[in-house]
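A.B. asks:
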Amino acid sequence: MLKSHRCGELRDTDVGERVTLAGWVHRRRDHGGLMFLDLRDSSGLVQVVVNPERAPEAVAAAGEARAEYVLQVRGEVVARRPGTVNEDLPTGAVEVAASELLVLNPSETPPFPINQETAVDEETRLRYRYLDLRRERMASNLWLRHRVTQQIRDHLGARDFIEVETPLLGLSTPEGSRDYLVPSRVHAGHFYALPQSPQQWKQLLMVAGMERYFQIARCYRDEDLRTDRQPEFTQLDLEMAFVEPEDILDLIEGLYVQLAAAIGPQFALSLPVPRLTYAEAMERYGSDKPDLRYGLEIADLSSVAASSEFQVFRDAVAGGGRVRGFAVPEGAGIPRREADRMTELAREAGAQGLVTFAFDGEGPLDGVTMDDVRSPVARYFDAETVVELGRRCGAARGDMLLTVAGEDGVTSRALDALRRHVAEQRELADPGTLAFAWVTEFPAFEWDDQTEKWDAVHHLFTAPFEEDLPLLESDPGKVRSHSYDLVCNGYEIGGGSIRIHRRDVQLRVLRTLGIDEAEAQARFGHMLEAFTFGAPPHGGIAMGLDRTVALFTGARDIRDVIAFPKTKSAADLLTGAPAPVSDQQLAQVHLALGASAEQTLTREGEEAGDAEVAGDAEI
Ligand code: ASP
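So the number in the numbering used here is just where the residue sits in the sequence shown, counting from 1, plus 31.
#1: Is DSSP giving N172 helix, strand or coil here?
#2: Output the distance between the C-alpha atoms of D331 and R353, rounded to the nearest integer angstrom.
#3: Taking 8 Å as the cut-off, is the beta-carbon of G527 closer than that to any non-hydrogen atom of the ligand ASP?
#4: Report yes or no: do three or more beta-carbon pairs, one from the stretch 405-414 and one from the stretch 436-449, lie closer than 8 Å?
#5: In the DSSP assignment, what residue or residues form a beta bridge with K599?
#6: Which term fits R530, buried or exposed, when burial requires 16 or more other beta carbons within 10 angstroms of its beta carbon?
#7: Note down, in chain order, each residue of its chain lying with its Cβ closer than 6 Å to the Cβ of V79, except the 5 sequence neighbours on either side.
#8: If you measure from the CB of I247, is any heavy atom of the ligand ASP nearer than 8 Å?
#9: Do three or more CB pairs link the stretch 453-465 to the stretch 385-402 at distances below 8 Å?
#10: Just confirm the distance between the C-beta atoms of M558 and Q231, as a whole number of angstroms; I'd bet it's less than 8 Å.
#11: Buried or exposed for L465, going by 16 or more other Cβ atoms inside 10 Å?
#12: State the Cα-Cα distance for the pair N82 and N172, rounded to the nearest angstrom.
#13: Given 8 Å as the limit, tell me if D588 has its C-beta closer than that to any heavy atom belonging to the ligand ASP.
#14: Could you check which residue in D577, T633 and V592 has the C-alpha nearest to that of T265?
#15: For the alpha helix (DSSP H) containing D278, name the first residue and the last one.
#16: Is DSSP giving S512 helix, strand or coil here?
#17: Using C-beta distances below 6 Å, list every residue in its chain close to A98, excluding the 5 sequence neighbours before and after it, in chain order.
#18: Could you tell me which of Q481, E483 and H489 sits nearest to R475, measuring between CA atoms?
#19: Quick check: does the Cβ of H569 come within less than 8 Å of any heavy atom belonging to the ligand ASP?
#20: How many Å lie between D480 and D486 at the Cα?
#21: Expressed to the nearest angstrom, what Euclidean distance is found between the alpha-carbon atoms of P142 and A224?
#22: Tell me, which residues are paired with T51 by DSSP?
#23: With Q266 as the anchor, note down where its beta strand (DSSP E) starts and where it stops.
#24: From L302, C250 and R209, pick the residue whose C-alpha is nearest to that of L267; which is it?
#25: Out of S505, V195, P462 and E498, state which residue places its alpha-carbon closest to the alpha-carbon of R587.
#26: Between which residues of its own chain and G54 is the CB-CB distance below 6 Å, once the five residues before and five after are set aside?
#27: Rounded to whole angstroms, what's the CA-CA distance from D641 to V90? Just pull it up for me.
#28: Helix or strand or just coil, what does DSSP make of Q297?
#29: Taking the straight line between their C-alpha atoms, what separation do you get for G220 and A623?
#30: Which runs of the beta strand (DSSP E) spanning at least 3 residues fall entirely within the stretch 92-140, listed in chain order?
#31: Do you know how far the Cα of A414 is from the Cα of E393?
#32: Short of 6 Å in beta carbon distance, which residues of its chain neighbour S514, apart from the five on each side in sequence? Order them along the chain.
#33: Here's the rule I'm using: 16 or more other beta-carbon atoms within 10 Å means buried, otherwise exposed. How should M32 be labelled?
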């Protein structure tokens, strides 16, 4: 090794030790004669002092060194003089008195400072990711990610799970997104697909008798990207034989409690993790990934609302819809402008509008008269009705009710948007809390108006409730599935299901999805066949590793916990991928470019040259 010790490890117990260090110049200060260098390596930093009287040659090298130069330093660990001890630095009690100093490699001036957390535009950070990762916050994110995967391996290893790698080159998997395709050279005109998840492989491993499998698996989905999506992302993927949903929920809950204790002890967790059915979650929060760090619970106001004189409410209920709402504690003073903004949100979600009721004063609602109620529709209501609306929402004087009328899909969407908005405006979500919750029993299918077909809500291998099987042919929308999501702070962080393990049931589900037996055989014949060789009952889950790590680091954007992420347009600004390939390479895989691709390439070439094109990418 070019070093005997790591910079960040030195303590006062090392005083007197002769050490060799190697690392980067974090900062350099010239104190007229004495020269101070903060030397950084992956363990942290330590102060190096170069004294011209003790080490005249070292002074010359130190004078040459600039930020991010790579140095090797020999010297002695000495205690810092009283008054110069740096309490904020783990190595702050000591410094290294240099006797020799060697520049191993100089550095250009970095495009942004490494030694401070200044705001740097995303494009520059991604273009120079290796420098971005030198910065403390990013480096510590990657270390935290490493500790998370270590904990996962320990936790599952101790419970008899086997880690198995599954192929990246495979058959297209029906996870519901577009595949990344890889053309085959040997089989002209044939393609592999990169896995959207190892779903089929892990089920086949259950048929293979592995019983408990996991993998830290890379998945690929060619989707339009949002902040919390990447074209390639990582899952903790697992599968178990002979299980019921409870077993998977307990296992994952135990894992996340351990992760929180080991990685994020500063976070408050509320245990046991609450479990809501999908129907309950939609009813109480209007969302299948509710943020439970705050209340703002939705109540059904239909029966009360329908007895009012307000025609919009009466019509909604008469038309089979409902009136639902929630109370904003101490929201009576919400200004007009803010109420207008909320009305806009409700409309964007598809509702006709938002109806508000503000209760003036303090204390319980007893004795409220219409003089205490402010609402744009007050004239249609008597005090008794409004008080009853308030009671159902658990309101007190000083609160404001937000109510929406319409079909459940619409009221849920609108009230979910309003809950999130109100929580954000009023800072109700404590960033120091991780509010996990299970959402279970999702519907198996949802109707797609565009294709006019049923789609699988989770995926097509998910087991329907046994007692709902007769509905597969008669009323698919009512079929419930043995599926579950883990949500945290308003994000879905994982999901899974008990799987179908019988050929006949799988065929029926495929038929419901509009896939006849011939197509089923062509696409899933290997699965259907495997099910006939004693496939055990099995189930599993996949947890989003990027999102999990982001939760523990407090990062909003999963790109901050991925070493080399891509932009929103799926470009890698560091290497320039994706990029054109030669005609020869295309010919080898039996491909020719279509006219539109040719045109784009010509335009790019003419306008800017390939390097700049990458720079234009949308982040
Ligand atoms: N394969 C599923 C997914 O990636 C997870 C699972 O069902 O285990 O979403």
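Each residue gets a CB set at the ideal place from its N, CA and C atoms; glycine is no exception.
C.D. replies: Let me spell this out:
#1: Helix, per DSSP.
#2: 7 Å
#3: yes
#4: Taking 8 Å as the limit for Cβ pairs, the verdict is that the stretch 436-449 does not touch the stretch 405-414.
#5: Note: K599 sits in no beta bridge, so no partner.
#6: buried
#7: L68, L70, V104, V127 and A129
#8: no
#9: no
#10: 6 Å
#11: buried
#12: 36 Å
#13: no
#14: D577
#15: Membership of D278 in the alpha helix (DSSP H) is indicated by the continuous run P276 to I294.
#16: strand
#17: V56
#18: It should be noted that the sequence gives Ala, not Arg, for residue 475. Among Q481, E483 and H489, the Cα nearest to that of A475 belongs to H489.
#19: no
#20: 10 Å
#21: 38 Å
#22: R105
#23: Annotation: the continuous beta strand (DSSP E) that includes Q266 extends over E263 to A272.
#24: C250
#25: P462
#26: C38, L70, R71 and D72
#27: Since pLDDT at D641 reaches only 48, below the 50 mark, its modelled position is unreliable, and the value read off the structure follows with that caveat. Each residue's Cα considered, the two are about 45 Å apart.
#28: In the three-state scheme derived from DSSP, where H, G and I count as helix and E and B as strand, Q297 is classed as coil.
#29: For G220 and A623, the distance between alpha carbons rounds to 11 Å.
#30: 101-110 and 125-136
#31: 16 Å
#32: F473, H489, T493 and S528
#33: Classification of M32: exposed, given that the 10 Å Cβ count is below 16.
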